[in-house]
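A short write-up of the structure that comes next.
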Amino acid sequence: MTQATAGCTVSIHYTGTLDDGSMFDSSEGRDPLTFQMGEGQIIQGLEAALEGMAVGESKTVTIPAEQAYGPRHEEAVQDVPREMIPDHIPLDTGTALQMQTPNGSMMPVTVTAVTDETVTLDANHPLAGKALTFAVEVVSVA
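Numbering (our numbering), first residue to last: 223 to 364.
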């Protein structure tokens, strides 16, 4: 029986939930998630939990934040003067935007607050600092 190990292409069905039971992602109703083990294509903790699993096996595993999207960094939250953001850019709370860093690369941010004077932008991943629970089933290993 083929088991999921580094170098294998693995397909899984999964449902991801937070500590409060709310679902943040699922492959339900979609094709399974396919990735190559050992290539860093999925979060570290989930890949480690899948190591050695065979087709048809299922498990539920909780991944600590450090092995998922990392800790939340308060220094990644910035207040930007409102006039620095062009008027045509939507600034509703929860809106995902892209900002250019000083070195020219693009960085995703989320609008978390808006006042007449400032816009608060959060560059943390939305799941940073959170433990993630996955119910997974291995669909194929090649």
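For each residue, glycine too, the CB sits at the ideal point set by N, CA and C.
The structure presented is a predicted model; accordingly, all values stated were derived computationally and were not measured.
Check, Outcome
"Residue from G267, S248, A345, A350 whose Cα sits closest to the Cα of V302", "A345"
"Check whether T323 and V333 have beta carbons under 7 Å apart", "no"
"CB contact flag (V361, P254, <7 Å)", "yes"
"Every unbroken alpha helix (DSSP H) within the stretch 258 to 296, with a cutoff of 4 residues, ordered by chain", "266 to 272"
"Buried or exposed by the 16-neighbour rule on C-beta atoms within 10 Å, applied to F246", "exposed"
"E359 - containing beta strand (DSSP E), residue span", "354 to 363"
"Helix, strand or coil at A335 according to DSSP, with G and I counted as helix", "strand"
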